[in-house]
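Q: If you scroll down you'll find the structure; I have some questions about it.
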């Protein structure tokens with residue numbers, strides 16, 4: 898099985914989105930968010946949903962996230 902097939906299998910198990918591409922994007926966004934590469938606002942923007950909705954989605958999934966520090970905000974703006 899190729900890595901693309903493995904990713905699609907994992908993504909298909911996510912019950913939140915109907916479209917496989919959205920599921921894959923969500924996995925990517927979560928990785929970037931928890932790696933502190935992007936902010937919650939940027940994550941919501943990439944997912945094309947409102948910030949409040951994205952935060953609620955994280956809460957419903959039981960995913961705890963602390964917001965970026967002021968130094969991280971500078972990095973985000975230059976992204």
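Numbering (my numbering), first residue to last: 898 to 976.
Just so you know, even glycine gets a beta-carbon here, dropped at the ideal spot from N, CA and C.
Quick caveat: nothing in here was measured; it's all calculated off a predicted structure.
#1: How is residue 917 classed by DSSP in three states: helix, strand or coil?
#2: Are residue 924 and residue 954 touching if we call contact CB-CB under 9 angstroms?
#3: Roughly how many whole angstroms lie between the Cα atoms of residue 967 and residue 937?
#4: Within the same chain, show all residues whose beta-carbon is closer than 7 angstroms to that of residue 939, passing over the 5 residues directly before and after it, in chain order.
#5: Determine the DSSP secondary structure at residue 968, reduced to helix, strand or coil.
#6: Indicate the three-state DSSP secondary structure (helix, strand or coil) for residue 960 in the structure shown.
#7: Since residue 940 is in the alpha helix (DSSP H), which residue starts that stretch and which ends it?
A: Concretely, from the data shown:
#1: Locating residue 917 in the chain shown gives position 20, counting from the first residue. Residue state, collapsed to three classes: helix.
#2: As a first step, residue 924 must be located in the chain shown, where it is residue number 27. As a first step, residue 954 must be located in the chain shown, where it is residue number 57. Cβ distance not < 9 angstroms, so residue 924 and residue 954 don't count as in contact.
#3: Within the chain shown, numbered from 1, the residue matching residue 967 stands at position 70. Within the chain shown, numbered from 1, the residue matching residue 937 stands at position 40. Going by the C-alpha atoms only, they are around 14 angstroms apart.
#4: Taking the chain shown and counting its residues from 1, one reaches residue 939 at position 42. Counting only Cβ-Cβ distances below 7 angstroms, and skipping sequence neighbours, we find 973.
#5: Stepping through the chain shown from its first residue, residue 968 is reached at position 71. Here residue 968 sits in helix by DSSP.
#6: Within the chain shown, numbered from 1, the residue matching residue 960 stands at position 63. Looking at residue 960 - three-state DSSP - the assignment turns out to be coil, as it is neither helix nor strand.
#7: Stepping through the chain shown from its first residue, residue 940 is reached at position 43. Note, residue 940: alpha helix (DSSP H), 937–944.
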